[in-house]
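Heads up, the thing below is written out as structure tokens.
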Amino acid sequence: MSHLAEQLAKRRTFAIISHPDAGKTTLTEKLLLFGGAIQMAGTVKGRKAARHATSDWMELEKQRGISVTSSVMQFPYGESVVNLLDTPGHEDFSEDTYRTLTAVDSALMVIDAAKGVEDRTIKLMDVCRLRDTPILTFVNKLDREGRDAIEILDEIEQVLQIQCAPVTWPIGMGKRFRGVYDLRHDRTHLFSATHGGRIQTGEVIEGIDNPRMDELLEDQAAELRDEMDLVQGASHPLDLDAYRAGLQTPVFFGSAINNFGVKELLDAFVDYAPPPRARATHERVVEPGEDKFTGFVFKIQANMDPAHRDRVAFLRVCSGSYKQGMKMRHVRIGKTVQVANAITFQADERKRVDEAWPGDIIGLHNHGTIQIGDTFTEGEHLKYEGVPYFAPELFRRVVLKDPLKTKALQKGVVQLCEEGATQVFRPLKNNDIILGAVGILQFDVAAYRLKDEYGVEAVVEPVSVHTARWVRCDDAKMLARFKEKAYENLALDGDEQLVYLAPTRVNLQLTEERWPEVRFLATREL
Ligand code: G4P
Numbered sequence: 001m002s003h004l005a006e007q008l009a010k011r012r013t014f015a016i017i018s019h020p021d022a023g024k025t026t027l028t029e030k031l032l033l034f035g036g037a038i039q040m041a042g043t044v045k046g047r048k049a050a051r052h053a054t055s056d057w058m059e060l061e062k063q064r065g066i067s068v069t070s071s072v073m074q075f076p077y078g079e080s081v082v083n084l085l086d087t088p089g090h091e092d093f094s095e096d097t098y099r100t101l102t103a104v105d106s107a108l109m110v111i112d113a114a115k116g117v118e119d120r121t122i123k124l125m126d127v128c129r130l131r132d133t134p135i136l137t138f139v140n141k142l143d144r145e146g147r148d149a150i151e152i153l154d155e156i157e158q159v160l161q162i163q164c165a166p167v168t169w170p171i172g173m174g175k176r177f178r179g180v181y182d183l184r185h186d187r188t189h190l191f192s193a194t195h196g197g198r199i200q201t202g203e204v205i206e207g208i209d210n211p212r213m214d215e216l217l218e219d220q221a222a223e224l225r226d227e228m229d230l231v232q233g234a235s236h237p238l239d240l241d242a243y244r245a246g247l248q249t250p251v252f253f254g255s256a257i258n259n260f261g262v263k264e265l266l267d268a269f270v271d272y273a274p275p276p277r278a279r280a281t282h283e284r285v286v287e288p289g290e291d292k293f294t295g296f297v298f299k300i301q302a303n304m305d306p307a308h309r310d311r312v313a314f315l316r317v318c319s320g321s322y323k324q325g326m327k328m329r330h331v332r333i334g335k336t337v338q339v340a341n342a343i344t345f346q347a348d349e350r351k352r353v354d355e356a357w358p359g360d361i362i363g364l365h366n367h368g369t370i371q372i373g374d375t376f377t378e379g380e381h382l383k384y385e386g387v388p389y390f391a392p393e394l395f396r397r398v399v400l401k402d403p404l405k406t407k408a409l410q411k412g413v414v415q416l417c418e419e420g421a422t423q424v425f426r427p428l429k430n431n432d433i434i435l436g437a438v439g440i441l442q443f444d445v446a447a448y449r450l451k452d453e454y455g456v457e458a459v460v461e462p463v464s465v466h467t468a469r470w471v472r473c474d475d476a477k478m479l480a481r482f483k484e485k486a487y488e489n490l491a492l493d494g495d496e497q498l499v500y501l502a503p504t505r506v507n508l509q510l511t512e513e514r515w516p517e518v519r520f521l522a523t524r525e526l
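Numbering of the sequence shown is given in full-length UniProt numbering, commencing with residue 1 and proceeding in unit increments.
Now the structure itself:
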């Protein structure tokens, strides 16, 4: 096997999708703990606690130096090298969260056993579905009273439209939580709550019919056997092809905070989850094992170092390898650049990377020439598909305090949009500037940065827009008619693309029904 093929086979690049409070941060810490990056345990949580305490942007800014390093975490696990990409979740939920999902090869979905499938999970799952991303599921907080395991699986199947294949099964719940039964290996892992960062090792009992089960679990052993008969009859057997095609999700149960069920999850994860996959460009499909380096930018983080105003572009390596000092072609602008100081994100420090392989993420220093979606190659003209814009769900009108600053405002807004921080819409009917975002904090960030970086004092105020849809229609006459009729609600986005700004959900529905030949798209590729 070539060195590239070897490195490639080891890589597992993934993200965690969940609703806030399901346990993503806790699970991340435990994964790092099992992965041996122990110094990280506590860091992730500390960062979140600090973030929770304030939604003040200045404070956020101060913490950015930390948050960026933990936005990509690389750690070894057994023979594998795992890249975990953080998906901002609470107040900092944003388009970055969606876009990060376009840079992974698989995802891990965390569900709170008491709450089941929640909103944010549904949205993130929709994004995963755009590229049939394989998903493992971890049902968390079994140490608390929650819903019946079978009911949770049913809900996942119904609401998320994906088959469930249980890999472990909980024995009891809450006070009666005794452990999980591993269907793959026909063995039971017993639970004992631990405190602190120690790795959980309870007793392991081989075989579901082992008398030791009855000895330790008493009535619950028989209950488990009955339940397993039922589950094995009623649920889908694990099918790795179906999982990799995004049609089935293997399900694990446990308690992240108690470190329970996490190791089983990680072991199965490195086993099942796909290594970097082939990716489509507009020109052709690129195999990760190709010799030549290619990659695309999925996120840009600004002001990582406020003193220098630098921006770092996060690039996912898709094929070949990155070597320190190599020359790359920045395809969109047609220039060759020498990259001497890309950064990597190992453990909790920012350090220079000497090489990177498919599935890895490198950070390129950017002085304004790199945009989200940009492709880098060793010369070939390629453009990676699929870092889309997502229709924002929140809208605000920008109102200038000083009307003479209109030019500066426009410049600032354009720049913020290029970074993907917010989207801009200009209604056809007037000169308003409407910002769109998927997370509420993005507006505060935009207003703060307009002032700080462009000297523009502006406020954002509510505007009656419910959602946006990109308008497409192959019939030019029809499109012209539509433009005339829907003029009031039409706008242009930052790239002069036509967008329908629907004041209400019902309005959108009616408009879609009235204009069957017009397509209303919820995503637009960059
Ligand atoms: P998030 O990143 O998905 O938002 O969730 P996070 O890990 O922060 O977990 C949310 C809350 O759920 C935390 O409690 C956390 O301790 C708790 N939690 C996580 N895993 C488990 C589990 O397996 N069992 C139980 N019972 N609780 C769990 P918190 O009170 O918000 O924070 P903290 O005060 O405990 O830090």
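Glycine is no exception: its CB is placed at the ideal position from the N, C-alpha and C atoms. None of the values given here were measured: they were computed from a predicted structure.
In the DSSP output, what is residue i paired with across the bridge?
i	result
P170	V180
G363	F314 and I343
Y389	R524
R187	D182 and E206
P516	Bridge partners of P516: none, in fact.
W470	V499 and L521
N140	D112
Less than 6 Å between C-beta atoms, sequence neighbours within five positions excluded: which residues of the same chain meet that for residue i?
i	result
V459	V399
P170	L142, A149, V180 and F253
A280	E385
V456	K405, A408, L409, G412 and L450
K327	T336 and Q338
N507	none
L130	none
R397	D432, I434, E461 and V463
L60	For L60, the predicted structure reports a pLDDT of 47, less than 50, and the residue's modelled location is therefore unreliable. The matter cannot be settled from this model.
P427	A491
H236	Q163 and A165
Who are the Cβ neighbours of residue i in its own chain at under 7 Å, not counting the five residues just before and after it?
i	result
E290	S319 and G320
E513	none
A5	G289
K10	E79, S80 and V81
What is the rounded straight-line gap between the Cα of residue i and the Cα of residue j?
i	j	result
V445	A391	19 Å
T188	I208	7 Å
M40	G436	Any reading at M40 must be qualified, since the residue scores a pLDDT of 42, below 50, and its modelled position is unreliable; the value itself is stated next. Between M40 and G436, the C-alpha separation is close to 35 Å.
Y322	P288	13 Å
I440	L394	7 Å
Q163	L247	6 Å
L85	K485	44 Å
I333	G233	58 Å
M125	K401	40 Å
Q7	E378	19 Å
E155	V117	7 Å
A103	A502	30 Å
E264	R184	10 Å
L315	L216	51 Å
By the DSSP assignment, the beta strand (DSSP E) with residue i in it spans what residues?
i	result
G436	I434 to A437
C417	From DSSP, C417 is part of no beta strand (DSSP E) but of the alpha helix (DSSP H) over T406 to E418.
D267	Premise fails: D267 lies in the alpha helix (DSSP H), V262 to Y272, not in any beta strand (DSSP E).
K327	K327 to H330
residue 574	Within the shown structure, residues of the chain are numbered from 1 to 526, placing residue 574 beyond reach of any answer.
Q74	V72 to Y77
Considering only C-alpha positions, which residue in the set the options is nearest to residue i?
i	options	result
L240	V231, L230, I257 and V270	V270
C473	R519, T121, A313 and Q497	R519
I257	D493, A22, A522 and Q7	A22
L32	H330, F443, D112 and L266	L266
V331	E488, L498 and T369	T369
V167	V465, L238 and E517	L238
F177	F376, F425 and E223	E223
N489	K477, M478, H466 and D475	H466
H3	A447, P358, F482 and E525	P358
G174	T375, W470 and S255	S255
L160	R184, R120 and L183	R120
Which same chain residues, not among the five before or five after residue i, have their C-beta less than 8 Å away from its C-beta?
i	result
E355	S321, Y322, K323 and Q324
D186	E206, G207 and I208
A114	K141, R144, E145, G146 and R147
Need the endpoints of the alpha helix (DSSP H) that residue i sits in, please.
i	result
M228	D219 to A234
Q158	A149 to L160
M478	A476 to K485
L428	Element bounds for L428: n/a, residue is neither H nor E.
Q338	Per DSSP, Q338 belongs to no alpha helix (DSSP H); it is in the beta strand (DSSP E), K335 to Q338.
R129	D119 to L130
A278	That residue, A278, is in no alpha helix (DSSP H); it is neither H nor E in DSSP.
Beta-carbon of residue i versus every beta-carbon of chain C: anything under 8 Å?
i	result
Q163	Among the chains of the structure shown, chain C does not appear; only one protein chain is present.
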